[in-house]
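Here the protein sequences come in this chain order: A and B. Position 451 (the first sequence) corresponds to 451 in UniProt numbering; numbering is contiguous. Position 382 (the second sequence) corresponds to 382 in UniProt numbering; numbering is contiguous. Below is one structure; the comments refer to it alone.
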Amino acid sequence: MESSSNSDQNEGTPTSSVSSPYRRTYSDISGLSHRFDVQSFYNRPSNTNAVVLSGHEEDVSEDAEEPKDDVVNDVHGDGDEEDSDIDSAEDAELEMMRERFAKLLLGEDMSGSGKGVCTAVTVSNSITNLYATVFGQSLRLQPLSTEKKDLWKREMNCFMSICDYIVEVIPRSLGTNVEITETKLRSDILMSLPALRKLDNMLMEILDSFTENEFWYVERGSSSMNSGGGGRDSGTFRKVVVQRKDEKWWLPVPCVPAEGLSEEERKHLRHKRDCASQIHKAALAINDSTLNDMDIPDSYLTTLPKSGKASVGDVIYKQLCTAEKFYPDQLLDILKITSEHEALELADKVEASLVTWRRKTGGLTHSKSSWDMMKDISGDADRGNDKNHILAARARSLLFCLKQRYPELSQTSLDICKIQFNRDVGKAVLESYSRVLEGLAYNVVSWIDDVLYVDRTVRNRDD
Amino acid sequence: MFDGRNSGHSSFSSRGDGMHTPEHELAGHAAPSTRRGKQNRRSDMEVMKERFAKLLLGEDMSGGGTGETSALALSNAITKLADSMFGEQMKLQPMYPETKENWRKEMGWLLSVIDHIVQFVPSRQMGKNGQFTEIMVTKQRDDLLTNIPALRKLDSVLLETLDNFKDQKDFWYVPRDMEDADHNGDWRRDENWWLPVVKVPTDGLSEESRRWLQNQKDSVAQVLKAATAINAHVLSEMHVPENYIDSLPKNGKTSLGDFLYKSITEESFDPDYFVSFLDLSTEHKVLDLKNRIEASMVIWKRKMCQKEKDGKSQWGSTVSLEKRELFEVRAETILVMLKQQFPGIPQSSLEVSKIKNNKDVGQAILESYSRVLESLASKIMSRIEDVLEADRLVQRQLMGEAETRSESEAESEYEETEKVVAAETPNSRKLSDFIGWRLSSDTKKHSSMSDIEFFHKVEQEKEKPMMKSPRALPKKFSYLAKLENMRSPSDRH
């Protein structure tokens, strides 16, 4: 009974898609030409005990290395570092940073004519693209290569250093009659940026912890998969390759020994999964907070229909209107959402209605931020009887519930619009950094779930 | 939608990166060859981070996105860097090594942005089968390819000129207060109150020194001419901002005022005669005149464009197309003459507006770099002129003291010297400047008409040599001295 329930819950998770930033790397993945080492697989010594298979892990990112990284690699490889090597490396670093900054100033416009996007959007795009470059081909539970790790740290430091100069001027008293002004790091940056750095480091540590795994991977479509299947029947090989669901066609297939993973390994995996899950929640919270703080662009407001009912549709509108008490969970159950695409469509509609109803109450002045909007809803208890207020409050709770139920929902139309029109550099860094960490954390959780799923399948089959 | 947009940018950027190779690395652009400690290297990194971060924020510390565009931020950064490097250069002596190093390093950072401003051009590539295939390769934008190396060269020449004054003994400087104590009176112009006083030996400079100083001055004059030409060209390429156009009156007459309008629209027009009647006694008045003339030119140009576009009949207008074009040419002639006579004049409203509203990063760098080099060249010329003037003063005293010389003979010699100076300098500068300016003219017709005006002016000049020289020289010195303040758009301060 209990095991059956767990099985149902876990089966649901693998069907979720990866985060939106991750999807941009499809074309890169389809180009992969790495093949599993068949000879090595067949020659593996056969014995009844589990053997660590780290030798079979292929670092698919090696081919993607740039010549520049070799310089850094050489320096790290030297046991006895000489001054000239250090100078050379640091000159190279200075040069790379200068190039990065120069391109940021052009706003992705190589003609230099000023048609590029503004700095905030440039920085946001750069962080997103850097993430795709570094993690786009990282599809397994294994440490990141040294070159990729250094690239990530170096470039993120470049982007984050911009935030060091975003300050606010505050008065400070030096005594009874003397007061001066001093600069302090802007409060949202002061709070969130160190947190994101911490989450980043934790994720790196999780990946670093997967060095001596009991599980290994094969590429989908590899001939060894079919051979393995045949081998089982013939009794020659004892390894089992579990066919995975088609939804993740691009991911390599995790494999475990015939008797399953050891209890120790299983415990390790569950622990890392919990950590990654916590990181995902934290990154998501920071991302939501930053997005909520961004102004609603005029171009979004002008596209809204005149009534909230038109956005959300009759069925949902009726539910929001008539119920004495509103239970968003029940409404979501009734709606029977079958895909993430449907969930996203619903989120867009509910959000549009929310903004519309908020405007009608007069609480939403020109480009007011969402936070202020939220505060207005909770603060105006006296006007609780107003219809639009009730509708707005219920729409908000429905949206919140929807996001909880689908944690890896893509960005809504409003989110995308805010990011595109945002001019605040600090918010651009916070939003994009938290978003990519959110995506990476979610991926790690998914990959661990995949391994645990295969393990359960193997052990159930044996029983 | 957002995802697709990012993908597009990503692939485009990647392709550009792969194709682009930095071809224009110059000596001044390279990292210092001497080895330096880890401390200094780290410091370089931190300074560069700060410089670029502030540029990216558009000098808006709150990060809210209300800062300037990258183009304007870069322009301001170059202007401020030059001011901090050269603002204290009040003597003819080499820059401090540390200051020079900082100038080269930080300008290197700012100029590195142009390494990534490219255009795509077709190129033929030999395939493996021996067949040629046409592919697109990146090449630096044409205006940058031409002008950045030139500006770098002018930069080097100016710094070398200052280096040439190392260990010189022919003249020296004393603080102003010491000089005042000695003389109990000030023979210097008030405009230079903050400058140290240059001193020469009691018997004046040697002939060799005098010749050498003149040679240095000529060299810097060439730099000034070239930098001015590049700056004028870049400014002419910039778009006239809409908000400048919106602020204009409806017709040229209103902008010029009745007197100017009537003079320019007379049947016969003599630019020299016209200029001689203008009140050019203060810098403010010259600038105001410049603004009015430029405004009327923009108005007339726009009306001509509109007329050609509308296909409207000429007879329906108050002023015919040909006449308006003639007026514009005359206005331009006066403008050129003003710029020759007052090279140190602050930028006009149109120029300030163009710089502030420009979004082209390449143009921003070209304009600001040429402008700061122009200012530095003018400053060096003024300093050399001060030395030559001190020498002339001593020479005059010596001549006055000579008993064996007759009074008339001395005066005669002085007059001849003045004539030579007056005849040579204005002519050579005007001639080359005028021809250089013509190259940036919009249409051939304008050039043709201007040539006629130009030859007419030369004839006039030959007939009245004495009238011109006494008036021009004092004003020239007066305004050259004002170049102590680094030129930049006035609104920015």
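Virtual Cβ for every residue (Gly too), placed ideally from N, Cα, C. From a predicted model like this one, the values you see are computed outputs, not experimental measurements.
With DSSP run on the structure shown, which of helix, strand or coil describes residue i?
i              : result
F326 (chain A) : coil
S173 (chain A) : strand
D178 (chain A) : Rather than Asp, the amino acid found at residue 178 (chain A) in this sequence is Val. Coil, per DSSP.
V253 (chain A) : strand
D333 (chain A) : helix
G362 (chain B) : helix
G77 (chain A)  : With a pLDDT of only 36 at G77 (chain A), under 50, the local geometry of the prediction cannot be trusted, and no value is derived from it.
E101 (chain A) : Contrary to the premise, residue 101 (chain A) reads as Phe rather than Glu in this sequence. Here F101 (chain A) sits in helix by DSSP.
F342 (chain B) : coil
D449 (chain A) : helix
D455 (chain A) : helix
R383 (chain B) : helix
T425 (chain B) : Residue placement at T425 (chain B) is poorly supported in this model, since its pLDDT is 38, which falls under 50; the coordinates are not used for a value here.
L388 (chain B) : helix
T109 (chain A) : Residue identity check: residue 109 (chain A) is Asp in the sequence provided, not Thr. Three-state DSSP puts D109 (chain A) in coil, outside helix and strand.
E374 (chain B) : helix
Q168 (chain B) : coil
M61 (chain B)  : coil
K198 (chain A) : helix
E155 (chain A) : helix
S296 (chain B) : helix
A381 (chain A) : Low local confidence applies: a pLDDT of 47 at A381 (chain A) is under 50, so the model's placement there is unreliable, and no value is given.
G108 (chain B) : helix
G252 (chain B) : helix
N129 (chain B) : coil
P143 (chain A) : coil
M467 (chain B) : Note that M467 (chain B) scores a pLDDT of 33, beneath 50, so its modelled location is shaky and nothing firm can be said.
L414 (chain A) : helix
L280 (chain B) : coil
What residue does the alpha helix (DSSP H) around residue i start on, and which one ends it?
i              : result
Y165 (chain A) : Per DSSP, Y165 (chain A) belongs to no alpha helix (DSSP H) and is neither H nor E.
Y273 (chain B) : 271–276
Y261 (chain B) : 258–264
T119 (chain A) : 119–135
H116 (chain B) : Taken as a continuous stretch (DSSP letters only), H116 (chain B) belongs to no alpha helix (DSSP H), as it is neither H nor E.
R423 (chain A) : First-last for R423 (chain A): undefined, no H or E at that position.
S138 (chain A) : Careful: S138 (chain A) lies outside any alpha helix (DSSP H) and carries neither H nor E.
F400 (chain A) : 387–405
T356 (chain A) : 340–360
D246 (chain B) : 242–246
K354 (chain B) : 349–357
Would you give the residue range spanned by the beta strand (DSSP E) that residue i belongs to?
i                     : result
residue 501 (chain B) : The requested residue 501 (chain B) is not part of the displayed model; chain B covers only 1 to 493.
V197 (chain B)        : 197–199
V218 (chain A)        : 216–218
Y173 (chain B)        : 172–174
Tell me residue i's beta-bridge partners as DSSP assigns them.
i              : result
P122 (chain B) : B:M136
V315 (chain A) : Looking at the DSSP assignment, V315 (chain A) forms no beta bridge with any residue, so it has no partner.
L185 (chain A) : A:V167
V157 (chain B) : Looking at the DSSP assignment, V157 (chain B) forms no beta bridge with any residue, so it has no partner.
- Task: Would you be able to state if there are at least three C-beta pairs under 8 angstroms between the region 74–81 of chain B and the region 361–373 of chain B?
- Result: yes
- With a floor of 4 residues, list each alpha helix (DSSP H) that falls wholly inside the region 255–308 of chain A, ordered by position along the chain. 263–293, 298–302
- Query: Would you say the region 261–272 of chain B touches the region 198–214 of chain B, given that touching needs at least three Cβ pairs under 8 angstroms?
  - Reply: no
- Message: What ranges does the alpha helix (DSSP H) occupy inside the region 70–103 of chain B, keeping only unbroken runs of at least 4 residues that lie completely in it?
- Response: 70–86
- Message: Closer than 8 angstroms is the cut-off here; do at least three beta carbon pairs connect the region 123–143 of chain A with the region 441–460 of chain A?
- Response: yes
- Task: Evaluate the contact criterion for the region 102–120 of chain B versus the region 100–111 of chain A: three or more CB pairs, one atom per stretch, below 8 angstroms.
- Result: yes
- Query: Are there three or more Cβ pairs, one per stretch, closer than 8 angstroms when the region 413–423 of chain A is compared with the region 110–124 of chain A?
  - Reply: yes
- Message: Pairs of beta-carbons, one from the region 356–371 of chain B and one from the region 139–146 of chain B, closer than 8 angstroms: are there three or more?
- Response: yes
- Message: For the region 42–54 of chain B against the region 396–412 of chain A, do three or more pairs of beta-carbon atoms, one drawn from each stretch, fall closer than 8 angstroms, so that the two count as touching?
- Response: no
- Three or more C-beta pairs below 8 angstroms linking the region 300–311 of chain A and the region 205–213 of chain A: no
- Counting pairs of beta carbons, one from the region 336–348 of chain A and one from the region 395–403 of chain A, are three or more of them closer than 8 angstroms? yes
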